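Chemist: In the working numbering, the protein residues as written are 221 to 608.
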Ligand SMILES: *Cc1c(COP(=O)(O)O)cnc(C)c1O
């Protein structure tokens, strides 16, 4: 089966639900047994029914089954947000005294968790240049247990040589965790490139409609029990209604992504031609420093990209953004709607400083008609020219 078909068929079991095409929303905390024997049966290792709401219901299991199949792992575990999945995955693999090594281009709130929480728990945390490749090994310590990558990087879009990094990490027995939100389960197959555990902010393209927070951690079978145990110990589980909506979003993800990809490229090409633009942060475009890696490892791109402008006044930047009403200013991405915002990589980096002086603008290409979006950006660039 091709992956577009798996998007449609994955995790569906109509025979279990009276023929219903979708797994129903099963809301429950308590799961009751009628006899002591039935109750005791729930403790047996091969028991695969419901036990208690916090341990999941068929609604969330359908989602997990579908995503595990798409990402190419053995098991997926859902979390109530992408961030909960990011940190839940890391915590599953470390103890006090261990070392976690993360890319300097990591999603900001993950960095904050590492510095504020994990460090406080006696775990060493350090960061490496996202462009390091195999030289990542220079940052290994005797107790490095987790190497955490994200490609392309949050805000800055550097491509990482994941197979090279993973090969070094495996030599010292470290586990490679990857935030694969940008690549999506369709356009990047982490387990084919040496990744051990893949993390999705499903809030983005899996949900796809800007109405649910959701995360997923997918692992090979050797690592899945640790992830599952840790999620249970933290009491994390998404609600059944949210799980249902995430599944509904998933069923059209391949169709939506094709348009996000096309529109993003058209917008990036338009912006790249502007005299006000210093450079594009868009690995799917030829000429991007990460383009060769993208072409080697990815089969597509999503709707998110960045633009580094030449230095300009705050007034000119505001004129540009305000002249594009179809691009609302907002965090997150992956929904049907276009978004724009200024981001600040210079504030985040610690080991590979961001040296560009001009503003960095992040675009999300939504599903509006592309000509309307292009006209908006043209109007923005005209307003910018006048305000300079
Ligand atoms: C948004 C995002 C997250 C966090 O997901 P939430 O669902 O917002 O908690 C993690 N990683 C990346 C790359 C993201 O863009």
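Virtual Cβ for every residue (Gly too), placed ideally from N, Cα, C. Being a predicted model, the structure only gives us computed values, none of them experimental.
So, under 8 Å CB-CB, residue 556 and residue 429 are touching, yes? Tell me the CB distance rounded to an integer number of Å.
Modeler: 6 Å
Chemist: Tell me whether the beta-carbon of residue 543 lies closer than 9 Å to the beta-carbon of residue 603.
Modeler: yes
Chemist: Compare the C-alpha of residue 592 against each of 483, 435, 285, 498 and name the closest.
Modeler: 483
Chemist: Can you say whether residue 416 is buried or exposed, counting buried as having 16 or more other CB atoms within 10 angstroms of its CB?
Modeler: buried
Chemist: For residue 319, which of helix, strand or coil comes out of DSSP?
Modeler: strand
Chemist: Going by DSSP in three states, residue 270 sits in which element: helix, strand or coil?
Modeler: coil
Chemist: Closer than 8 Å is the cut-off here; do at least three beta carbon pairs connect the stretch 268-283 with the stretch 346-365?
Modeler: no
Chemist: Tell me whether the beta-carbon of residue 296 lies closer than 9 Å to the beta-carbon of residue 438.
Modeler: Closer than 9 Å, so yes.
Chemist: How many Å lie between residue 576 and residue 378 at the Cα?
Modeler: 14 Å
Chemist: Could you spell out where the beta strand (DSSP E) holding residue 344 opens and where it closes?
Modeler: Start and end: 344-348.
Chemist: Secondary structure at residue 314, three-state DSSP: helix, strand or coil?
Modeler: coil
Chemist: Starting from residue 299, trace the beta strand (DSSP E) both ways and give me its first and last residue.
Modeler: 295-299
Chemist: Specify, as a first and last residue, the run of the beta strand (DSSP E) that residue 368 falls within.
Modeler: 364-370
Chemist: Assuming contact is defined by CB atoms lying nearer than 9 Å, are residue 521 and residue 485 in contact in what I supplied?
Modeler: Yes.
Chemist: Relative to the C-alpha of residue 376, which candidate in 246, 579, 244, 251 has its C-alpha closest?
Modeler: It is 579.
Chemist: For ligand 1, any of its heavy atoms closer than 8 Å to the Cβ of residue 408?
Modeler: no
Chemist: Which same chain residues end up closer than 6 Å to residue 451 when comparing Cβ atoms and leaving out the 5 residues on each side of it in sequence?
Modeler: 297, 308
Chemist: Only counting the same chain, and skipping five residues up and downstream in sequence, which positions put a Cβ closer than 8 Å to that of residue 354?
Modeler: Cβ within range, chain order: 381, 384, 385, 387, 388.
Chemist: Three or more C-beta pairs closer than 8 Å, one from the stretch 332-339 and one from the stretch 474-481: is that the case here?
Modeler: no
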